[in-house]
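One structure is given here, and the rest of the page talks about it.
Residue numbers (the working numbering): 7 to 515.
Dropping the structure here:
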């Protein structure tokens, strides 16, 4: 037997999964990750906690599966992006990482956007404060001594590349989607780096930029010994978690769209021609050679539901525990009993700013229509409805700019929610296709591992073998009209509330 490993480093956990070549998960293990929020719109994680989680889960997978390590031919990894980490030459972190959702660098992002450089056409015309250049420039401006001492200022995936192999490379996937690397313009044009005041930062990036699935070499011998793998194990270049999820859903054909439902939601599609919309991209060759990746995004989705449970859900947690249920499944069941529209409650899902279509880091979450009748279950359902409206708005924008949607696939933790997937189908008026394997991102990373080891010649062969769509969630009869009416109010709410949002965000800064 031949096996592949995918390591999925998400926002809330690290997960290692062992797959056979038919895409079946033979064993998996996970460890939680902690996020700190030092100030409003800031978010940080400890890189050493990522690494401990990866080492522990790899060990556990080997122990539980009892697979001969020599039968595991390759490993790859997917990570959140753009999660920026400052490292010494040997990969020691100098500070907590600036997590992907951290929006502190909005002033630097505005300055880069003001350059009007042609590079910006490939990211929706405006750079995000979540990305590499704004965050790197923030470190340079606000922590100059640390910035000067750092040999590397890179993404989370690059940290894993260095730890796993001893090499430092950048992923073409990350560099194109988050670092403003544009292949048709020669990578990073010198005049762009000058205009963006990023030349000093760029000197701290890897020289080699490699596509996902490219073999990096064999695993570092010390790491292989530590986790129990063979030192002959191939490590393949990894990339972004949501992009791995798109591959694991097989959503790479014309008109396919992958919804990656996690702490955030990513809306991923491939196009043979560039689509210049109010989304991120088009990213040339970022994931599939010769194709343009289109990416919409909602910064906070599953994390809103987590916030509701952690801040207001103690009674729900206790009730779920007494029933032997997961608290989210319990809240799903309560929310399913509430009518579409949550009895007049509407949530705007901008709890950590808006990624697309507005690219507004100062946008804020809004709850409107509250009465004394409403319960936590109403809030929970309204939050899911708001999240699904946000997805519809992004897809409407993509359609306006020429993307023709045919099929919608969903993966990630949120795809396990019966409530979320049903409301999304109802709001879109489309079926949502769900995979057999629920470890979506890890499966995508395992496919990259298979490409790196030469197990598969290309994505088509790998997807045909390892990806299995299990079922479709069809829209419910009779709900579309109610959701169409509520959606119009959702779209109108942000322009009306924007001045107040910005004023409050500045007061809290």
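C-beta atoms are modelled at their ideal positions from N, C-alpha and C, and glycine is treated no differently.
Given residue 289 as reference, the closest of 376, 217 and 208 once Cα atoms are compared: 217
Can you tell which of 416, 121 and 58 has the C-alpha that lies nearest to the C-alpha of residue 436? 416
Every unbroken beta strand (DSSP E) within the segment 201-238, with a cutoff of 3 residues, ordered by chain: 221-224
Is the beta carbon of residue 454 less than 8 Å from the beta carbon of residue 244? yes
Name the one or two DSSP bridge partners that residue 289 has. 299
Sheet register partners of residue 357 (DSSP bridge): 359
Is there contact here, the segment 318-330 with the segment 293-305, by at least three beta-carbon pairs under 8 Å? no
Under the DSSP definition of a beta bridge, which residues are partnered with residue 51? 103
Taking CB distances under 8 Å as the criterion, tell me whether residue 351 reaches chain C. The structure shown contains no chain C, having only a single protein chain.
Measuring alpha carbon to alpha carbon, tell me which of 458, 131, 53 and 393 ends up nearest residue 281. 131
Taking just the CA atoms, how far does residue 336 sit from residue 516? With the chain running from 7 to 515 in the structure shown, residue 516 is simply not present.
Beta-carbon contacts of residue 38 that lie in its chain and below 7 Å, excluding the five residues immediately before and after: 18 and 19
From 451, 426 and 448, residue whose alpha carbon lies closest to that of residue 439: 426
Touch check for the segment 457-474 and the segment 228-245: three-plus C-beta pairs under 8 Å? yes
Euclidean distance between Cα positions of residue 313 and residue 418: 18 Å
May I have the straight-line CA-CA distance separating residue 22 from residue 14, to the nearest angstrom? 6 Å
Burial state of residue 484, where buried means 16 or more other Cβ atoms lie within 10 Å: exposed
I think residue 352 touches residue 492, with their Cβ atoms under 8 Å apart; what is that distance to the nearest whole Å? 7 Å
Would you list the one or two residues that DSSP bridges to residue 344? None; residue 344 has no bridge partner.
Beta-ladder partner(s) of residue 272, from DSSP: 266 and 303
My guess is that residue 305 and residue 359 are in contact by the Cβ rule of under 8 Å, so how many angstroms apart are they, rounded? 6 Å
Which term fits residue 432, buried or exposed, when burial requires 16 or more other beta carbons within 10 angstroms of its beta carbon? buried
Since residue 164 contacts residue 472 with CB under 8 Å, what's their CB separation in whole angstroms? No, residue 164 and residue 472 are not in contact; Cβ-Cβ is about 26 Å, not under 8 Å.
Buried or exposed for residue 515, going by 16 or more other Cβ atoms inside 10 Å? exposed
So residue 31 and residue 445 are supposed to be a Cβ contact under 8 Å. How far apart are they, rounded? 5 Å
Of the residues 35, 495, 148 and 284, which one's Cα is nearest the Cα of residue 392? 495
Nearest residue (CA-CA) to residue 191, options 128, 95, 179 and 205: 128
For residue 394, three-class secondary structure by DSSP: helix
To the nearest angstrom, how far is it from the Cα of residue 497 to the Cα of residue 357? 16 Å
Give the list of continuous beta strand (DSSP E) stretches no shorter than 3 residues that lie fully inside the segment 390-438. 413-417
Can you tell me the Cα-Cα spacing of residue 144 and residue 286, whole angstroms? 21 Å
I'd like to know whether the C-beta atoms of residue 86 and residue 105 end up nearer to each other than 8 Å. yes
Measuring CB to CB, does residue 272 end up less than 8 Å from residue 319? no
Tell me the rounded alpha-carbon separation between residue 219 and residue 407. 31 Å
Compare the C-alpha of residue 428 against each of 90, 467, 452 and 387 and name the closest. 387
Between the C-alpha atoms of residue 279 and residue 410, what's the straight-line distance to the nearest angstrom? 12 Å
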